[in-house]
Amino acid sequence: MKRTPTVGEVLRAKGVSRRGFLKYCATTASILALPPSMIPRIAEAIESARRPSVIWLSFQECTGCTESLTRSAAPTVEGLIFDTISLDYHHTLQAAAGDQAEAARHAAMEENDGGYLVLVDGSIPMGNPGFSTIAGISNVDMLKETVAGAAAVVAIGSCAAFGGIPGANPNPTGAVSVMDLVTDKPVINVPGCPPIPTVMTAVLAHFLTFGAIPDLDKHGRPMTFFGTTIHDRCYRRPFYEQGKFANTFDDEGAKAGWCLFKLGCKGPTTYNACATAKWNSGTSFPIEAGHPCLGCSEPNFWDAGGFYEPLSTGNFDSGEKLAGAAVAGVALGAVAAAAGRRRQAKFTKEG
Amino acid sequence: MTTQQESLAPASPFYGNVRPILNEVMHAVDRLLETDEPTTIDLAGLPFGPGELEHLEATLGTGELAAKLDALGTSRIRETAYPGVWWLEHRNAFDEVVGRYLEITRTPAILSSQDADIIAGRARLEDQFE
Chain A
23 MKRTPTVGEV LRAKGVSRRG FLKYCATTAS ILALPPSMIP RIAEAIESAR
73 RPSVIWLSFQ ECTGCTESLT RSAAPTVEGL IFDTISLDYH HTLQAAAGDQ
123 AEAARHAAME ENDGGYLVLV DGSIPMGNPG FSTIAGISNV DMLKETVAGA
173 AAVVAIGSCA AFGGIPGANP NPTGAVSVMD LVTDKPVINV PGCPPIPTVM
223 TAVLAHFLTF GAIPDLDKHG RPMTFFGTTI HDRCYRRPFY EQGKFANTFD
273 DEGAKAGWCL FKLGCKGPTT YNACATAKWN SGTSFPIEAG HPCLGCSEPN
323 FWDAGGFYEP LSTGNFDSGE KLAGAAVAGV ALGAVAAAAG RRRQAKFTKE
373 G
Chain B
18 MTTQQESLAP ASPFYGNVRP ILNEVMHAVD RLLETDEPTT IDLAGLPFGP
68 GELEHLEATL GTGELAAKLD ALGTSRIRET AYPGVWWLEH RNAFDEVVGR
118 YLEITRTPAI LSSQDADIIA GRARLEDQFE
């Protein structure tokens, strides 16, 4: 493996002072959601850390995840590329194309065998390899070839993590997630449609700082960012506790910024850091803009009931229930749906 | 008009998320006085509704000391109207806020000159004599 400079060496070469380095470590601790008391340890680790090689593969995706990454403020994607990581392959961001691009991928794999990171956005079509190819190589073949020498794989976005929208019913391409195919390497899921920029960069920063993958939940998501629900950290939560809800998008409750639970907010069952990390350099997040959380970082969110139906109607996470109803017959399904509507109407009326 | 509408509070930016932080600051001040233990509160991990962060900053006010740091972007460090309570804001090279902290301490550590920088500075000073 080629000798890459440490981050400390890179920063010193750029004339960054020790005080500036401590500032860098403080903001790194912040995005990793680590207590400030960890800053000295982070400084020590980053000082000697070497820039990891990163290969980014894009499969059945919309490029929204890359769009999100390039809006990361802390650290910036430019900073990541030039200071913290060595981004050796990325369709959208790299200058090389065609054979040159594929040569860059192979060179990065050979030079960093066993130590590079593979980031994947997009799901992988298994129905027909021709549904999505790059340089004539099917997505599944490119994934398997590339992860063979990787230290770990990061599935960026809900498509790579859980199949996402390509995998939604009726899943015409036979889309599957990265963890469906990669079973012999650590897989970190960073779901979201798209994921929060700082969460993506923080996962890389964690790997850089500690040389290991972060603690993960049952869906393979970093606990640091997916350990609490949107609802747990929502600034509108006090209104939920007080029983103050918006009933429509234009009523007085909505204008007063009350809780959006009755408008279908999936915050109580969605694990993500939107409420504190926020979007657009910390400007706001969907609930702050007056829209309920869609639950986009949860598995199968697209098929998990209506976005504007309250959780209390029982439709959320109802994939198995709906499948059961279909087996039992259309009539049963119709009865269940009518009952759900009645419950929803009753809920709204009582509110 | 429904009961819900009748009980609407007047338009206010405050959602009740500032008061707990002020309480935490007060306990941190007690700790500093009693045991000399400093506290750092990372504001990035706390929920704020529209206007609440500004409300917190205004409530803490401005004290008699402020500093500006130019390293990987600008940082502003200032003592609030409550001695021992410091407001730190780090920005990156694009002037985007990358970190906000409350430090309850006598002097924020980042204001101190660092040994590595002192040594490098001394070497540059020595060059003046060559």
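Protein sequence lines, in the order shown, are assigned to chains A and B.
Going by our numbering, the first residue of the first sequence is number 23, and it counts up by one from there.
Going by our numbering, the first residue of the second sequence is number 18, and it counts up by one from there.
For each residue, glycine too, the CB sits at the ideal point set by N, CA and C.
| message | At a CB distance below 8 Å, what residues from the stretch 117 to 129 of chain B approach chain A? Give them in sequence order. | response | Listed by position, the residues of the stretch 117 to 129 of chain B near chain A (Cβ gap below 8 Å) are 118, 126, 127.
| said: Output needed in chain order: residues of the stretch 244 to 266 of chain A with a Cβ under 8 Å from some Cβ in chain B. | reply: 255, 256, 257, 258, 259, 260, 261, 266
| query | So, is residue 139(B) buried or exposed, given that buried needs 16 or more other C-beta atoms within 10 angstroms? | reply | Within the second sequence, the letter at position 122 stands for residue 139(B). Exposed is the call here.
| said: Short of 7 Å Cβ to Cβ, which residues in the stretch 29 to 46 of chain A face chain B? | reply: 38, 39, 40, 41, 42, 44, 45, 46
| Is the CB-CB distance between residue 118(B) and residue 69(B) below 9 Å? | Numbered from 1 along the second sequence, position 101 holds the residue referred to as residue 118(B). Numbered from 1 along the second sequence, position 52 holds the residue referred to as residue 69(B). Result no, Cβ atoms of residue 118(B) and residue 69(B) do not sit closer than 9 Å.
| query | chain A beta carbons: is any one of them nearer than 9 Å to that of residue 67(B)? | reply | Looking up residue 67(B) in the second sequence gives position 50. Judged by the 9 Å Cβ criterion, residue 67(B) is in contact with chain A.
| said: Can you check which of these residues, 286(A), 150(A), 173(A), 297(A), is closest to residue 323(A) by C-alpha distance? | reply: Position 301 of the first sequence, counting from 1, holds the residue named residue 323(A). Nearest option by C-alpha distance: 286(A).
| said: Going by beta-carbon coordinates alone, are residue 120(B) and residue 103(B) separated by less than 9 Å? | reply: Sequence index remark: in the second sequence, residue 120(B) carries index 103 (1-based). Sequence index remark: in the second sequence, residue 103(B) carries index 86 (1-based). Contact annotation: residue 120(B) and residue 103(B) have beta-carbon atoms nearer than 9 Å.
| Test item: CB-CB of residue 143(A) and residue 178(A) under 9 Å | Taking the first residue of the first sequence as 1, we reach residue 143(A) at position 121. Taking the first residue of the first sequence as 1, we reach residue 178(A) at position 156. Result yes, Cβ atoms of residue 143(A) and residue 178(A) sit closer than 9 Å.
| task | Would you mind giving the Cβ-Cβ distance between residue 292(A) and residue 246(A), rounded to the nearest angstrom? I have them listed as a contact below 8 Å. | result | To locate residue 292(A), count along the first sequence from 1; it is residue 270. To locate residue 246(A), count along the first sequence from 1; it is residue 224. Between residue 246(A) and residue 292(A) the Cβ distance is about 16 Å, and since that is not below 8 Å, they are no contact.
| query | Which residue comes first and which comes last in the beta strand (DSSP E) that contains residue 80(B)? | reply | Your numbering for residue 80(B) matches position 63 in the second sequence. Element bounds for residue 80(B): n/a, residue is neither H nor E.
| Local conformation of residue 140(B) per DSSP, three classes | In the second sequence, counting from the first residue as 1, residue 140(B) sits at position 123. Looking at residue 140(B) - three-state DSSP - the assignment turns out to be helix.
| Taking three-plus beta-carbon pairs below 8 Å as touching, is the stretch 123 to 138 of chain A in contact with the stretch 184 to 204 of chain A? | no
| query | Taking the continuous alpha helix (DSSP H) assigned at residue 88(A), which residues delimit it? | reply | Numbered from its first residue, the first sequence carries residue 88(A) at position 66. Following the DSSP letters along the chain, one finds residue 88(A) inside the alpha helix (DSSP H) bounded by residues 86 to 91.
| said: So, with DSSP's three-state summary, where would you put residue 40(B)? | reply: For this step, residue 40(B) is matched to residue 23 along the second sequence. Helix.
| request: Compare the C-beta of residue 310(A) against all C-beta atoms of chain E and say whether one is closer than 9 Å. | output: The structure shown contains no chain E; the protein chains it does contain are A and B.
| field | Run of the alpha helix (DSSP H) containing residue 262(A), from where it starts to where it stops | value | The sequence position of residue 262(A) within the first sequence is 240, counting from 1. Annotation: the continuous alpha helix (DSSP H) that includes residue 262(A) extends over 259 to 264.
| task | Give a yes or no on whether 9 Å exceeds the smallest Cβ distance from residue 16(B) to chain A. | result | No statement about residue 16(B) is possible, as the shown extent of chain B runs from 18 to 147 and does not include it.
| request: Go ahead and label residue 267(A) buried or exposed: buried means 16 or more other beta carbons lie within 10 angstroms of its beta carbon, across all protein chains shown. | output: Your numbering for residue 267(A) matches position 245 in the first sequence. Counting C-beta atoms within 10 angstroms of its own C-beta, residue 267(A) has 16 or more neighbours from the protein chains shown and is therefore classed as buried.
| First and last residue of the uninterrupted alpha helix (DSSP H) at residue 120(A) | Position 98 of the first sequence, counted from the first residue, corresponds to residue 120(A). First-last of the alpha helix (DSSP H) with residue 120(A): 120 to 133.
| query | In whole angstroms, what is the alpha-carbon distance linking residue 325(A) and residue 192(A)? | reply | Within the first sequence, residue 325(A) is the residue found at index 303, counting from 1. Within the first sequence, residue 192(A) is the residue found at index 170, counting from 1. The C-alpha of residue 192(A) is placed about 10 Å away from the C-alpha of residue 325(A).
| query | Name the chain B residues whose beta carbon is nearer than 8 Å to that of residue 58(A)? | reply | If you number the first sequence from 1, residue 58(A) lands on position 36. Per Cβ cutoff of 8 Å: 57, 59, 118.
| Does the beta carbon of residue 305(A) fall short of 8 Å from some heavy atom of the ligand ADP? | The ligand ADP is absent from the structure shown, which contains no ligands of any kind.
| Where do the N-terminal and C-terminal ends of the alpha helix (DSSP H) with residue 154(A) fall, by residue? | If you number the first sequence from 1, residue 154(A) lands on position 132. No alpha helix (DSSP H) contains residue 154(A), which DSSP labels as neither H nor E.
| query | So what's residue 99(B) in DSSP terms, helix, strand or just coil? | reply | Here residue 99(B) refers to the residue found at position 82 when the second sequence is read from its first residue. Residue 99(B) falls in the coil class under three-state DSSP.
| message | Looking only at its chain, what residues have a beta carbon closer than 7 Å to the beta carbon of residue 156(A), apart from the 5 residues adjacent to it on each side? | response | Taking the first residue of the first sequence as position 1, residue 156(A) is located at position 134. Counting only Cβ-Cβ distances below 7 Å, and skipping sequence neighbours, we find 164.
| task | Under the assumption that residue 289(A) contacts residue 315(A) (Cβ atoms under 8 Å), give the Cβ distance between them as a whole number of angstroms. | result | The residue you call residue 289(A) lines up with position 267 of the first sequence. The residue you call residue 315(A) lines up with position 293 of the first sequence. Yes, residue 289(A) and residue 315(A) are in contact; Cβ-Cβ is about 4 Å, under 8 Å.
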